[in-house]
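Numbering (the working numbering), first residue to last: 1 to 238.
Heads up, the thing below is written out as structure tokens.
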């Protein structure tokens, strides 16, 4: 069988006696029919390329997800982000979460939606190791009783009191107990006593009295456990 030849041309422009002339020189090339074997090989190459691209895409996605999950997590329905600060001295790891709040803009007077950030020093997933005996029933006012001055703990005491003051974001007011005061109505007050003990835990003494027991200067652990419980309660109500 005679193979078909398709004519092709090479085009040149030449000048002769001041005139430009276009010349086409014919050339022939044989077009060979594509065989099934060639098609199969090309499809195989294309398939391998697509598989390689897909695998690389999946690997990239897994790496991205692992990085994201390493920086954030959810505990008891609360989202936390891990932050590390290494500007000076040893790195400090904080666990940040946010609470939606509304506040009045001092300039416009409008009510603005915003996020109130709270940062913990301890991983909230580890705070479950601080036992809670009984049920914590948060009230409008928290009356704090301090039974000792031995819990300063290299400044952790100040951080712990700062933790308790953050409860105001939930509409609670922190008060230092005054024995000359009468706290009524009783159902609006929650009494907390912080004291040293052989074990770090939170104990419900009665319906609105709680002991925050501290062992080995774990004042941050016990107060942050209380904070996390407040978050969980807030999350359940909203």
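For every residue, glycine included, the Cβ atom is placed at its ideal position computed from N, Cα and C.
In this text, all values refer to a predicted model and were calculated from it rather than measured experimentally.
Nearest to residue 145 (by Cα), restricted to the options 237, 217 and 192 = 192
For the segment 89 to 166, list the alpha helix (DSSP H) runs that are entirely contained and at least 4 residues long, ordered along the chain.
-> 156 to 165
On a CA-only basis, which of 41, 111 and 143 is nearest residue 181? Give me that one, please.
-> 143
Residue 169, enclosing alpha helix (DSSP H) - first and last residue = Segment: none, residue 169 is in no alpha helix (DSSP H) and carries neither H nor E.
Rounded C-alpha distance that separates residue 137 from residue 187 = 10 Å
Limits of the beta strand (DSSP E) - the one that residue 224 falls within = No beta strand (DSSP E) holds residue 224; the alpha helix (DSSP H) holding it covers 219 to 237.
For residue 199, which beta-bridge partners are listed by DSSP?
-> Residue 199 pairs with nothing; no bridge assigned.
Flag this pair as touching only if the segment 54 to 62 and the segment 92 to 99 have three or more C-beta atom pairs under 8 Å; answer yes or no.
-> no
C-alpha distance - residue 123 paired with residue 236, whole-angstrom precision = 21 Å
Where residue 48 falls: helix, strand or coil (DSSP) = helix
Across which residues does DSSP place residue 205 in a beta bridge pair?
-> The partner list for residue 205 (beta bridge, DSSP) is empty, contrary to what the question assumes.
Report all residues from its chain with a CB closer than 8 Å to the CB of residue 171; omit the five preceding and five following residues, and keep chain order.
-> 140
Own chain, CB closer than 6 Å to residue 227, minus 5 neighbours either side, in chain order | 163
Taking C-alpha atoms, which residue in 88, 153 and 168 lies nearest to residue 116?
-> 168
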